[in-house]
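Here it is as structure tokens:
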């Protein structure tokens with residue numbers, strides 16, 4: 006990781022990082038990375054309070070494997086960046102966490118309270134868990150998010166954003182885990198359905214990223230992920246939803 010300076014609230018930040026093959030150590034040039042959701046590399050930027058989330062994309066430099074990125078922090082907390090990319094020939098994404106330099110070494114564990122409702126501007130979002138199984142470590146669970154306007158009417162149209170109707174990013178409170186998923190195909194965008202299979206337990210902050218009428222919006226939710234009961238087998242089958250979007 007190469008950084009030009011430490012992060013400070015409301016001061017633009019420029020950084021660089023190098024991607025290399027874990028086996029050979031050779032730089033991973035842009036040509037060796039698949040395009041996923043219209044981009045080669047995705048960066049998920051989050052401060053340690055889990056309040057300032059930004060989804061940005063780096064630019065390849067003239068040096069193989071070296072990428073430059075730019076964003077403006079809105080918090081005085083330290084920042085981390087989750088780098089996501091898929092190497093050619095792989096059927097899964099690589100995810101690497103980078104901790105950005107910060108003027109202070111002091112960081113506080115975020116204080117999180119579970120929340121199922123989020124509002125940004127005229128958009129209201131409500132999270133529905135599966136009635137017979139909340140989010141649980143190692144278990145695939147379907148959740149739904151209902152989108153309405155300020156008058157309570159369903160939002161029936163979303164703009165595509167990076168080739169999808171929405172993106173969902175989740176960050177664990179301890180800073181060690183990251184989730185990124187997309188909604189299942191649907192003709193009814195007022196009710197978005199996601200499969201989430203967390204590999205960790207504990208409190209997590211999720212951000213729903215959508216674009217409506219040309220405006221990009223990120224809606225935050227806080228959910229508790231139950232630990233895996235040692236007497237319960239891991240399941241890849243999502244539980245049914247007794248309460249659904251209406």
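Residue numbers (my numbering): 6 to 251. Glycine residues also receive a C-beta, built at the ideal position from the N, C-alpha and C atoms. No experiment lies behind these values; they were computed from the predicted model shown.
- With distances taken between CA atoms, residue 131 lies nearest to 197 out of 113, 143 and 197.
- Residue 25 has 32 as its beta-bridge partners, per DSSP.
- Contact between residue 127 and residue 154 holds: their C-beta atoms lie close to 5 Å from each other, under 8 Å.
- Going by DSSP, residue 71 is part of the beta strand (DSSP E) stretching over 71–76.
- Residue 200 has its alpha-carbon roughly 34 Å from the corresponding atom of residue 32.
- In the three-state reduction of the DSSP assignment, residue 140 falls in the coil class.
- The shortest CA-to-CA distance from residue 225 to any of 75, 176 and 187 is the one to 176.
- Collapsing the DSSP output to three states places residue 55 in coil.
- In this structure, residue 173 sits near residue 211, with a CB-CB distance shorter than 8 Å.
- Closest by C-alpha distance to residue 125, out of 220, 20 and 26, is 220.
- Proximity of the segment 72–82 to the segment 176–192 falls short of the contact definition, fewer than three beta-carbon pairs being nearer than 8 Å.
- The Cβ atoms of residue 103 and residue 178 do not sit closer than 8 Å to each other.
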